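K.L.:
Read in order, the letters of the sequence shown correspond to residues 99 to 368 in the numbering used here.
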Amino acid sequence: MRTVILVVLLCLAVLTAPLGWYLASRSLQPAPKKPVETVDPAEFEALRKSVDELTERVDELEVKLSRADIRRPDTSYADEEAPKEDAMAGNYAKVVQIADRRGVNEGLTHASASFLEELLGLPREDLTDECQPMTNETLKNLLVAEDVGPIKVNMLRPAVESLRQVFRNVQIEEPELYARIQGSGSLCVRRIRGAESAASAHAYGLAVDINIDGHLDQLGDGRTQLGLILMADYFNREGWYWGAGFGREDSMHFEVSREKLQQWRRLGKI
Ligand SMILES: [Zn+2]
Numbered sequence: 099m100r101t102v103i104l105v106v107l108l109c110l111a112v113l114t115a116p117l118g119w120y121l122a123s124r125s126l127q128p129a130p131k132k133p134v135e136t137v138d139p140a141e142f143e144a145l146r147k148s149v150d151e152l153t154e155r156v157d158e159l160e161v162k163l164s165r166a167d168i169r170r171p172d173t174s175y176a177d178e179e180a181p182k183e184d185a186m187a188g189n190y191a192k193v194v195q196i197a198d199r200r201g202v203n204e205g206l207t208h209a210s211a212s213f214l215e216e217l218l219g220l221p222r223e224d225l226t227d228e229c230q231p232m233t234n235e236t237l238k239n240l241l242v243a244e245d246v247g248p249i250k251v252n253m254l255r256p257a258v259e260s261l262r263q264v265f266r267n268v269q270i271e272e273p274e275l276y277a278r279i280q281g282s283g284s285l286c287v288r289r290i291r292g293a294e295s296a297a298s299a300h301a302y303g304l305a306v307d308i309n310i311d312g313h314l315d316q317l318g319d320g321r322t323q324l325g326l327i328l329m330a331d332y333f334n335r336e337g338w339y340w341g342a343g344f345g346r347e348d349s350m351h352f353e354v355s356r357e358k359l360q361q362w363r364r365l366g367k368i
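1) What does a CB cutoff of less than 7 angstroms around V161 pick up in its chain, not counting 5 residues either side in sequence?
2) Inspect the CB distances between the stretch 249-267 and the stretch 276-296 and report whether three or more fall short of 8 angstroms.
3) Using 8 angstroms as the threshold, is the stretch 315-326 in touch with the stretch 342-357, meaning 3 or more CB pairs across them?
4) Could you give the residue range of the beta strand (DSSP E) that holds A257?
5) If you run the structure through DSSP and keep just helix, strand and coil, what is E353?
6) Quick check on the burial criterion: 16 or more other C-beta atoms within 10 angstroms. Buried or exposed for I196?
7) On the CB-based measure, 16 or more other CB atoms within 10 Å of its CB, does R200 come out buried or exposed?
8) Where S295 and N334 are concerned, what is the direct C-alpha to C-alpha distance, given to the nearest angstrom?
9) Looking only at its own chain, which residues have a Cβ that is under 7 angstroms from the Cβ of P256, when we skip the five neighbours before and after it?
10) Any heavy atom of ligand 1 within a distance shorter than 7 angstroms of the CB on H208?
11) What residue does the beta strand (DSSP E) around E244 start on, and which one ends it?
12) Distance, Cα to Cα, V264 vs A330?
13) Helix, strand or coil for A308 per DSSP?
14) For L228, I'd like the list of residues in its chain whose CB is within less than 8 angstroms of its CB, leaving aside the five on either flank, ordered along the chain.
15) Please list the segments of the alpha helix (DSSP H) lying wholly inside the stretch 184-242, counting only runs of 4 or more residues, in order along the chain.
16) Using alpha carbons as the reference points, say which of N267, I270, L241, L328 lies closest to S284.
17) Under 7 angstroms: does the beta carbon of H313 sit that close to some heavy atom of ligand 1?
18) With distances taken Cα to Cα, identify the nearest neighbour of A293 among G325, V306, T226.
19) Can you name, in chain order, every residue of its own chain whose Cβ lies under 6 angstroms from the Cβ of K358, other than the five neighbours on each side?
20) Would you mind stating whether E353 and A297 have Cβ atoms separated by less than 8 angstroms?
21) Using a Cβ-Cβ cut-off of 8 angstroms (strictly less than) and excluding sequence neighbours within five positions of V202, which residues of its own chain qualify?
22) Do you know how far the Cα of D198 is from the Cα of A243?
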């Protein structure tokens with residue numbers, strides 16, 4: 099029995115000898131490059147995180163750069179309009195072309211006169227071309243004249259609260275711009291010029307006109323003050339529609355969007 103086992107083992111040794119020789123010769127050769135490195139999952143996760151952080155940082159810097167570009171003091175303008183140390187201020191009031199003005203109200207819809215009338219009823223039955231007192235009792239009860247930060251307005255309560263938030267954000271993020279904001283009117287209960295009885299957002303106390311340094315914007319020229327372009331972002335964030343996107347550009351005009359009004363209706367605010 100033992101002999102049989104020995105013979106079998108011997109045969110096995112003889113048969114596997116070439117394999118043994120092959121393996122031994124391979125082990126003498128320089129080790130080939132490892133095809134795949136084993137990666138520690140934690141290390142991989144940490145690397146992925148730092149790549150994400152860096153990408154985010156680059157995005158932030160790009161935004162900052164583009165905004166800094168808007169604010170870069172324009173000395174030629176500053177020389178004419180403002181003292182050198184106040185070059186920044188000159189830029190806020192500077193009038194420039196509005197880029198893609200039809201696309202400035204992304205995500206928001208203009209609340210048309212018929213939409214407003216259907217939602218709230220006319221603010222007054224006998225509308226004329228002059229500003230008159232509001233007679234719609236429901237709306238009148240919502241009307242408040244209050245300070246919203248840089249200006250005082252006469253508007254519906256939820257609009258006043260929302261406007262206050264808009265200006266609060268500007269005050270925190272752009273204090274120099276905030277200091278230059280002036281009002282050009284809010285409530286005026288009258289019909290839209292040329293219309294029989296349609297009333298604009300101003301007639302409902304849902305619109306405000308603003309400007310930088312008291313320079314009124316020229317209607318319909320497709321241009322506006324740099325400060326108003328910056329302001330438009332803050333208004334958009336709170337659901338306000340910018341008049342720069344109207345058929346006839348009215349860039350000092352900001353009004354509550356249809357979406358915001360529908361939200362207020364759902365919440366029982368109007
Ligand atoms: Zn207006």
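Beta carbons: idealized from backbone N, C-alpha and C, even for Gly.
Note that the structure is predicted; figures quoted are calculated from it, not measured.
P.N.:
For this structure:
1) As a working mapping, residue 161 is identified with position 63 in the sequence shown. With a pLDDT of 43 at V161, under the threshold of 50, the modelled position of that residue is not reliable, and no figure is offered here.
2) yes
3) yes
4) The sequence position of residue 257 within the sequence shown is 159, counting from 1. No beta strand (DSSP E) contains A257, which is instead part of the alpha helix (DSSP H) from 255-271.
5) Counting from one through the sequence shown, the residue named residue 353 turns up at place 255. It is a strand residue.
6) Indexing the sequence shown from 1 puts residue 196 at position 98. It counts as buried.
7) Here residue 200 refers to the residue found at position 102 when the sequence shown is read from its first residue. With fewer than 16 Cβ atoms within 10 Å of its Cβ, R200 is classed as exposed.
8) The residue you call residue 295 lines up with position 197 of the sequence shown. The residue you call residue 334 lines up with position 236 of the sequence shown. The straight-line gap from Cα to Cα measures roughly 29 angstroms.
9) Working through the sequence shown from its first residue, we reach residue 256 at position 158. W362, K367, I368.
10) The sequence position of residue 208 within the sequence shown is 110, counting from 1. Answer for H208: no, Cβ out of range of ligand 1.
11) Locating residue 244 in the sequence shown gives position 146, counting from the first residue. Where E244 is concerned, the enclosing beta strand (DSSP E) stretches over 241-245.
12) Locating residue 264 in the sequence shown gives position 166, counting from the first residue. Locating residue 330 in the sequence shown gives position 232, counting from the first residue. Going by the C-alpha atoms only, they are around 10 angstroms apart.
13) As a position in the sequence shown, residue 308 is number 210, starting the count at 1. Position check: residue 308 holds Ile in this sequence, whereas Ala was assumed. Note: I308 maps to strand in three-state DSSP.
14) Within the sequence shown, numbered from 1, the residue matching residue 228 stands at position 130. Looking at the sequence itself, residue 228 is Glu, so the reference to Leu does not match. R288.
15) 185-191, 211-218, 235-240
16) Here the question's residue 284 lines up with position 186 in the sequence shown. Of the listed residues, the one whose Cα sits closest to S284 is L241.
17) Start at 1 with the first residue of the sequence shown, and residue 313 comes out as number 215. Not under cutoff, so the answer is no.
18) Here residue 293 is taken as the residue at index 195 of the sequence shown, counted from 1. That would be T226, whose Cα lies nearest to the Cα of A293.
19) If you number the sequence shown from 1, residue 358 lands on position 260. Excluding positions up to five away in sequence, the list reads G337.
20) Mapped onto the sequence shown, residue 353 falls at position 255. Mapped onto the sequence shown, residue 297 falls at position 199. Contact: no.
21) For the purposes of this step, residue 202 is taken as residue 104 along the sequence shown, with counting starting at 1. Taken in chain order, the residues that qualify are I196, A330, N334, W340, A342, G343.
22) Numbered from 1 along the sequence shown, position 145 holds the residue referred to as residue 243. Numbered from 1 along the sequence shown, position 100 holds the residue referred to as residue 198. A243 and D198: Cα-Cα distance of roughly 34 angstroms.
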